[in-house]
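Have a look at the structure below before the remarks.
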Amino acid sequence: MKNRREWIFGAHHAYFEEPDLLVMKFNGPAKLEDSRKVLEICEAAAAKQPVFLISDVSNSNIEKDARELLVQQAKAEWFRGHIYLGTGPLQRAGAKALMLALYFTGKWTVDVDFAESERVARELIDKKRAQPPKK
Numbered sequence: 005m006k007n008r009r010e011w012i013f014g015a016h017h018a019y020f021e022e023p024d025l026l027v028m029k030f031n032g033p034a035k036l037e038d039s040r041k042v043l044e045i046c047e048a049a050a051a052k053q054p055v056f057l058i059s060d061v062s063n064s065n066i067e068k069d070a071r072e073l074l075v076q077q078a079k080a081e082w083f084r085g086h087i088y089l090g091t092g093p094l095q096r097a098g099a100k101a102l103m104l105a106l107y108f109t110g111k112w113t114v115d116v117d118f119a120e121s122e123r124v125a126r127e128l129i130d131k132k133r134a135q136p137p138k139k
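The sequence shown runs 5 to 139 under the working numbering.
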C-alpha cells in the first residue's frame with residue numbers, strides 16, 4: 005500500500021499519497037478557516053515536489069472570502085495539475101472563477117481539468133506524469 009497522510013478539517017477530508025497526489029473532498033460550505041487549512045495542507049504536501057491535486061467539490065461550495073484567500077495565497081509552484089470532480093454548473097462556475105482569478109494574478113500557470121470520477125482523474129494524472137513538468 006502507498007504511504008498515505010490524512011487530514012480532517014471541519015466537514016472536509018484530505019489525503020496525500022506518495023509520491024505526488026493530494027486528494028481533497030469537501031462537504032458543505034468551504035469557509036475562510038477551511039481555506040487556511042487547505043493552503044497549509046497544500047504547502048505541506050508539496051514540500052518535496054509539486055503535487056497533483058484532485059478536489060472533489062460535488063457536495064460543496066466555497067464562500068467568497070474563502071475563495072479570495074486562496075487566490076491571494078495559493079502558489080503555482082505547489083502544483084503539477086489540479087483536477088476538479090463532481091462539478092455541476094454552480095461548482096464548475098466557482099472553480100473556473102477561482103482559476104481565472106489566479107491566472108489574472110500572473111502567478112498561476114497550473115493546468116486545470118475537470119473529471120467525472122476519481123478513477124478518470126487518476127488516469128489523467130498518470131498520463132500527465134509521463135510528460136515532463138512545466139517550467
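Ideal Cβ placement from N, Cα and C applies to all residues, glycine included. These figures come from a predicted structure and were not determined experimentally.
If you check the beta carbons only, do residue i and residue j fall under 8 Å apart?
{"i": "H86", "j": "V61", "result": "no"}
{"i": "A119", "j": "L128", "result": "yes"}
{"i": "N63", "j": "L94", "result": "no"}
{"i": "R84", "j": "F56", "result": "yes"}
{"i": "A49", "j": "F20", "result": "yes"}
{"i": "E67", "j": "A105", "result": "no"}
{"i": "L36", "j": "Q77", "result": "no"}
{"i": "A101", "j": "I58", "result": "no"}
Can you give me the Cβ contacts of residue i inside the same chain, cut-off strictly under 7 Å, excluding the 5 residues immediately before and after it?
{"i": "S39", "result": "A70, L73, L74"}
For residue i and residue j, what's the separation of their Cα atoms in angstroms?
{"i": "R96", "j": "L89", "result": "9 Å"}
{"i": "P149", "j": "G14", "result": "This structure cannot speak to residue 149, because the chain is shown only from 5 to 139."}
{"i": "M5", "j": "D24", "result": "Only weak support is given to the placement of M5: the predicted model assigns it a pLDDT of 47, under 50, and the question is left unresolved by the model."}
{"i": "I12", "j": "T91", "result": "22 Å"}
{"i": "E10", "j": "M28", "result": "10 Å"}
{"i": "A80", "j": "M103", "result": "11 Å"}
{"i": "H17", "j": "C46", "result": "13 Å"}
{"i": "R123", "j": "V114", "result": "21 Å"}
{"i": "G32", "j": "P136", "result": "36 Å"}
Spatial neighbours of residue i within its chain, please: C-beta separation below 6 Å, excluding the five flanking residues on both sides.
{"i": "K41", "result": "F13"}
Exercise for review: Could you pull out every unbroken beta strand (DSSP E) segment of at least 3 residues lying fully inside the region 48 to 111, listed in chain order?
Suggested key: 55 to 66, 83 to 89
Practice item. With a floor of 3 residues, list each beta strand (DSSP E) that falls wholly inside the region 7 to 50, ordered by position along the chain. Key: 8 to 13, 16 to 21, 25 to 34
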